[in-house]
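Novice: Below: one structure in structure tokens.
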Amino acid sequence: LLLDYEDFLRQKDLPLWEKAHPKARAVRKLAWVENRSYKTYKTYVEASPPEEAANTIICLIHQANYLLDQLLRKLEADFLKGGGFTERLYHARQNHRVKRF
3 LLLDYEDFLR
13 QKDLPLWEKA
23 HPKARAVRKL
33 AWVENRSYKT
43 YKTYVEASPP
53 EEAANTIICL
63 IHQANYLLDQ
73 LLRKLEADFL
83 KGGGFTERLY
93 HARQNHRVKR
103 F
């Protein structure tokens, strides 16, 4: 999806905002708005020129990717620390058997 939006900008000869671009910063700040929803971003996407709409979506894709990367790192750390589901299930069954006898 990210590549599709980047291709769109390239094909229309529109600029891709750098991370430090003022509008990119404004979109990133919206992530900290309380009770945000699609309505928070609606004017940036639906009521804006194609350059602004595509770059807004690209910013949101980057934010989503960052959050997914954070989640994967946390899940990996949890897995290394506590094992996988099957491993934990095995230990729970073993503990239950020990307690019964």
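Adding 2 to a residue's 1-based position in the sequence shown gives its number in our numbering.
Cβ coordinates follow ideal geometry from the N, Cα and C atoms, glycine included.
According to DSSP, simplified to helix, strand and coil, what is A49?
Specialist: Correct three-state label for A49: coil.
Novice: Starting from E8, trace the alpha helix (DSSP H) in both directions and tell me its first and last residue.
Specialist: Start and end: L4 to Q13.
Novice: For the stretch 71-91 against the stretch 47-63, are there 3 or more C-beta pairs whose distance is under 8 Å?
Specialist: Touching, no, given that fewer than three Cβ pairs across the two stretches are closer than 8 Å.
Novice: Which of the three DSSP states, helix, strand or coil, is assigned to V29?
Specialist: In the structure shown, V29 sits in a helix (DSSP, three-state: H, G or I).
Novice: I'd like to check one pair, L62 with Y40: are the Cβ atoms closer than 8 Å?
Specialist: In this structure, L62 does not lie closer than 8 Å to Y40 by Cβ.
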